[in-house]
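Going down the list, the sequences are from chains A and B.
Mind the numbering: the first sequence is residues 44 to 473 in the numbering used here, read in order.
Mind the numbering: the second sequence is residues 416 to 636 in the numbering used here, read in order.
Don't be surprised by glycine CBs; every beta carbon is placed ideally from N, CA and C.
The structure presented is a predicted model; accordingly, all values stated were derived computationally and were not measured.
Comments concern the structure below.
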Amino acid sequence: MAYPYRHEKEVRLMSEAFGDPAARTIEGWRARGGYQGIARALEIGRDATVADVKASGLRGRGGAGFPTGVKWSFMPKDGTRPHYLLCNADESEPGTFKDREIIRWTPHQLIEGCLVGAYAIGASHCYIYLRGEFFEATQVLAKALEEAYAAGLAGKDILGSGVEIDVTLHVGAGAYICGEETGLMSSLEGRRGEPRIKPPFPAAVGVFGMPTTINNVETLAAAAHVARHGGEWYRQWGTEKSTGTKLFCVSGHVNRPGNYELPLGFPLMELIEDVCGGMRNGAALKAVIPGGSSVPIMDAGECVSCELCYEGVEAAGSMLGCASVVVMDETADIVKQVRRMADFYAHESCGQCTPCREGTSWAARILRRIEDGRGTEDDLDTLMQISEQMTGTTICVLSDSLAAPIISSIQKFRNDYLALIRRGERVGAA
Amino acid sequence: MSEAPFRNPGWAGNTGEFDLAEAEVRGDSYVGERPLDGGHPGASPSLPYMLVKKDPSAPLFEGPYQERLDKILDRYPTSRAALLPVLNMAQELRGHVSPGTMDEVASLLDLGRAYVRGVATFYTMYNKRPVGRFLVQVCTNISCNLCGADEVLAAFLDHTGTELGETSADGNFTVVEAECLAACGFPTCVQINSRYFEDVGADDVTAIIERLKAETGDARL
Ligand SMILES: Cc1cc2nc3c(=O)[nH]c(=O)nc-3n(C[C@H](O)[C@H](O)[C@H](O)COP(=O)(O)O)c2cc1C
Ligand code: SF4
Ligand code: FES
């Protein structure tokens, strides 16, 4: 089988060239239709570009799913102060591995997306905030950016339009919280990546105190295609509320994990059984995390009729998030995996809010105790209480992101916890 | 009916459809060697190499590094914003960011010493103390964990004869646990200096270690 895995049911708008090194170069990318999106945007103008993206129904691919065109229209229209576009390439939500593929296989796709976004919001500077670990992917992007500057596609007078857009690659240094949009702004300014209270919203007071829009890598890549083909074109895929295609990052216990670009609304079971070649070793499905580690875990029953769109996953009791589908079979140790997530969030909490700082590490300690067979049933109540106190009480939603898997796993896999707890009691009594 | 994934530890995935060499998958064949002065100003903050040679007393910001620094400062409306890129560059040269280095960076950017320490210690990737020539970071987060990351981590510790976070006696290896590296579909993902090794299983570890030992002379990895 070839890498990257492909499947006939895919609709490859963004991922067609994944795995094809010839698409990395500017000539290669142009031969595949690249940079026609920014050319058309410059032709139809800023307002029409925003209108197109609004009409496309494109929603943010970084997790929250906020309509991109609407977000862009929040930016002030007056041209007196600098505006900034920040491209969020901090990809660090466990289970998510799509942005890196876009960057390392199709760097020009991202650069074009940044140009379209910056033009649409009236920004003359776009910073791409890359996670520091992405060294190899970043060098590919750096090379592509140099090509774009040399070809007059970045910098002054883009494509002879008189429009100026600079693009700067900014490399982080290993902190999940810098993926949160206001944490990213703090980090870009040279501070600790501490999130800020909203309001003020970034469109009013953003990075360096200026109007700012933050978009995910995949969002901007998709926007480049919308700019090229128009908003209606994009709606031919997906559902009414979740238009277009999405990169699904499938990992865990399936035969063919990988990135698959599918129309939104694709059935979860078809993704697992067909596109990903079924469960590893033919084992039974136990649980799925449909949207990255911060969304509620689904049990096998909830997966049966789940459709992978924003409203579909919500109806099934979870969230689509960034469509990072982590698949677990009957051998998976749910308690251990939730504990591992708790360790992660405890490590990544920026420490500003007490419920998050204390809650994440307290939960991690209790979960470790249960995993080691030293837990009690009361611990489960305590975990539920902590999680409730961690929800909706903090500056950003990192805190809620741990509460979701804890609460859902205790509700849906209580027996897994109880088995460990009872085993511990027996050991203790013996 | 379902074919098992082709395992190809060392870089991501198989090459079937496009018949790729490692350099093509990694991007090296496209990128070549980026210039130490950072190249185009827009790309200049993107260049922290992780050098095998780590010289804790290397002078900061001389020659091409001074040029890179000037370009970086030019890309931001405030000099404070250059702090992370500058710390990255300091680590590229010295292998870790000591309190002394933090102070040097503080005076260079005209920022408070305590401020710079507060920022530098916030970020995981700044090594606060020296690490081996190869910093081996094994992802043990959920997707990798489900597919055996704990055994891969144990194999690296075993084969390098180190404890978690400690450097081997020959100065070659420091093995640490990492959070998700955004390569979850190719478990286990291991970052070694600048490179990603994907699809790594516990039984691949010997070969990877041998390969690294053969590369200890290389300047940039
Ligand atoms: C703790 C936390 C971490 C996040 N990490 C990322 C990330 O790594 N990449 C990303 O694009 N968005 C991340 N987000 C979402 C961003 O805050 C933001 O919603 C997104 O970048 C907006 O772009 P979009 O509208 O294009 O989705 C994170 C959010 C939170 C609360
Ligand atoms: S919720 Fe956690 S990560 Fe977010 S700002 Fe508060 S302490 Fe920091
Ligand atoms: S969980 Fe290991 S790379 Fe994402």
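Between ligand 3 and the CB of B/A622, the shortest heavy atom gap is not smaller than 6 Å. Remark: the shortest separation between the CB of A/Q432 and any heavy atom of ligand 2 does not fall under 6 Å.
Taking 8 Å as the cut-off between beta carbons, the residues of the segment 117-148 of chain A near chain B are P125, E134, S135, E136, P137, G138, T139, F140, D142, R143 and R147, in sequence order. Counted as a single uninterrupted DSSP element, the beta strand (DSSP E) harbouring B/R610 occupies residues R610 to F612. For A/A375, the chain B residues whose C-beta falls within less than 8 Å of its own C-beta are L561, listed in chain order. For A/F178, the secondary structure class from DSSP, reduced to helix, strand or coil, is helix.
Secondary structure of B/R532 (DSSP, three-state): helix. Listed along chain A are E179, each with a C-beta nearer than 7 Å to that of B/R610. Within chain A, not a single residue places a beta-carbon under 8 Å from that of B/T603; the smallest gap is close to 11 Å. As summarised for the segment 479-555 of chain B, the continuous beta strand (DSSP E) elements at least 3 residues long and confined to that stretch are 549-554, given in chain order. Inside the segment 564-611 of chain B, DSSP marks whole beta strand (DSSP E) runs of 3 or more residues at positions 588-593 and 605-607, from first to last along the chain.
Out of A/E232, A/R75, A/E176 and A/G122, the CA that lies nearest to the CA of A/A218 is found in A/E176. For A/S451, the closest C-alpha among the options A/S230, A/D386 and A/V378 is that of A/V378. With distances taken between CA atoms, A/N258 lies nearest to A/V113 out of A/Q432, A/V113 and A/R412. Listed along the chain, the chain B residues whose CB falls inside 8 Å of the CB of A/V183 are G442, Y445 and V446. Beta-bridge analysis with DSSP links A/L351 to A/F309. The beta carbons of B/N542 and B/H511 sit closer together than 7 Å. For A/P110, DSSP records a beta bridge to A/R102. In the three-state reduction of the DSSP assignment, A/V440 falls in the coil class, being assigned neither a helical nor a strand state. A/E223 is outside the set of residues whose beta carbon lies under 7 Å from a beta carbon in chain B.
Residues of the segment 524-553 of chain B with a Cβ closer than 7 Å to any Cβ of chain A, in chain order: G533, V534, F537, Y538, T539, M540 and Y541. Shown here, A/T68 sits in coil according to DSSP, grouped into three states, outside any helix or strand. Taken atom to atom, the span from the alpha-carbon of A/P125 to that of B/D489 is near 16 Å. Burial check for A/E391: the Cβ neighbour count within 10 Å reaches 16 or more, so the residue is buried. Going by DSSP, A/T288 is part of the beta strand (DSSP E) stretching over T288 to G295. Against chain B, a Cβ distance below 9 Å from A/D209 picks out P456, G457 and R490. Under the three-state reduction of DSSP, A/G198 is assigned to strand.
The beta-bridge partner set that DSSP reports for A/N131 consists of A/Y172 and A/N259. Within chain A, the residues whose beta carbon sits less than 8 Å from that of B/G600 are F140, C292, V293, S294, P300, G301 and N302, listed in sequence order. Residue pairing of A/T211 in beta bridges, as defined by DSSP: A/Y170.
Assignment of beta-bridge partners to A/G281 by DSSP yields A/T286. The secondary-structure analysis by DSSP pairs A/E304 across a beta bridge with A/L290.
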